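Our numbering runs 21 ahead of the 1-based position in the sequence shown. Note that the Cβ used here is the ideal one computed from N, Cα and C, for glycine as well. The structure presented is a predicted model; accordingly, all values stated were derived computationally and were not measured.
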Amino acid sequence: MAPTRIPHRTLSRAAVLAIVAGLLAGCGTRDQTTTGAIPDDYRTRHPIVLAEAERTIDIPVASGDTRLPQGTRDVIRGFASEYRKASSGVIQIVLPRGSANSHAAQIVRKEIRRLLAASGVPASRMIETGYEAGATGDAAPIRLSYVAIAAQTAPCGEWPEDVTLNTLENRNYYNFGCASQSNLAAQIANPTDLIGPRQMSPIDAEQRGQVIDTWRGSDSGNGGTTIVFN
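Here you go:
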């Protein structure tokens with residue numbers, strides 16, 4: 022009869038071990054840390070995006086001015102050139118009101134409109150508005166502005182936490198890399214280059230034929246092959 026009791030004892034011992042293991046598993050702790058919850062890549066925290074941006078220049082006008090100096094005229098022509106490349110909206114000519122130079126600004130605005138028109142800006146895209154300026158103080162400028170799509174980042178200089186209190190995690194601080202991303206965005210001349218590559222220009226068939234003939238050896242002299250690029 023003894024041999025028949027051995028399997029029963031074995032099964033009972035296995036059941037007890039399973040129950041104990043289950044109880045111990047219930048007492049275990051789980052790691053609540055989520056890896057990657059906070060982006061540590063500055064390109065993710067401060068991405069370069071395409072968004073509307075206002076381009077402005079302030080034209081200084083003295084109270085006795087009746088025309089613009091040559092340097093200011095060149096600045097306005099350059100501003101108009103950039104407008105034609107970047108925007109198809111309107112250019113706002115914002116004039117001061119109530120300032121000591123407001124009368125001079127009304128005279129100079131006519132020359133500004135002529136310069137913009139001569140630079141290719143249609144008169145229908147020029148809108149004149151005004152702003153209240155103080156009667157005393159600095160000369161209130163005439164502001165030219167337009168809105169265009171530009172590559173940019175969010176404003177830098179945000180410090181959501183004290184960097185001296187979190188030195189053991191070996192992570193970049195939040196504002197790290199924002200300035201370099203902002204400078205990189207400012208260097209992008211054509212924001213649409215971030216969308217995709219431009220269309221390739223047509224192939225110069227004459228130049229291609231010349232290069233093929235050169236590599237075939239039909240254009241050679243002095244015992245060597247000469248490659249001519251126009």
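Among the options, which residue has its Cα nearest to the Cα of residue i?
i, options, result
"Q127", "N204, N211, L89, R76", "L89"
"G178", "A169, N196, E190, A172", "N196"
"D62", "N191, D225, S108", "N191"
"D132", "G119, S120, I114", "Here residue 132 turns out to be Glu, not Asp, going by the sequence shown. The shortest Cα separation from E132 among G119, S120, I114 belongs to I114."
"S120", "Q173, I224, S84", "S84"
"A169", "T77, L186, D214", "T77"
"L71", "C199, A160, Q173, L186", "Q173"
"E265", "A107, A156, V96, F100", "The question about residue 265 has no answer here: the residues shown for the chain are numbered 22 through 251."
"D79", "I209, E227, D159, D225", "D159"
"L165", "F100, G110, R118, A156", "F100"
"R118", "Q220, I40, A156, Q91", "A156"
Can you give me the Cβ contacts of residue i inside the same chain, cut-off strictly under 8 Å, excluding the 5 residues immediately before and after it?
i, result
"L116", "S123, A126, Q127, R130, E149, T150, G151, Y152, I163"
"R237", "none"
"T87", "A125, I128, V129"
"R134", "I114, A144, M147"
"I40", "none"
"L92", "Position check: residue 92 holds Gly in this sequence, whereas Leu was assumed. Result list for G92: empty, nothing under 8 Å."
Here's the rule I'm using: 16 or more other beta-carbon atoms within 10 Å means buried, otherwise exposed. How should residue i be labelled?
i, result
"V184", "exposed"
"T65", "exposed"
"L186", "exposed"
"G38", "The residue asked about is misnamed: residue 38 is Leu in this sequence, not Gly. Burial call: exposed."
I'd like to check one pair, residue j with residue i: are the Cβ atoms closer than 8 Å?
i, j, result
"P218", "A171", "no"
"A161", "A154", "yes"
"S140", "R98", "yes"
"M147", "L136", "no"
"I69", "L189", "no"
At the level of alpha carbons, what is the spacing between residue i and residue j?
i, j, result
"P81", "R229", "54 Å"
"S102", "I216", "23 Å"
"I233", "P223", "17 Å"
"P181", "E75", "27 Å"
"V96", "I209", "21 Å"
"D214", "D225", "24 Å"
"R220", "S109", "Before going on, a small fix: residue 220 reads as Gln here, not Arg. Whole-angstrom Cα-Cα distance: 21 Å."
Below 7 Å CB to CB, which residues in the same chain sit around residue i once its five sequence neighbours on both sides are set aside?
i, result
"Y104", "I112, V142, Y167"
"H67", "T174, A175, G198, C199, Q202"
"N193", "D61, Y63"
For residue i, which residues from the same chain have a beta carbon less than 6 Å from its beta carbon, with the 5 sequence-adjacent residues on both sides left out?
i, result
"A207", "none"
"Q231", "none"
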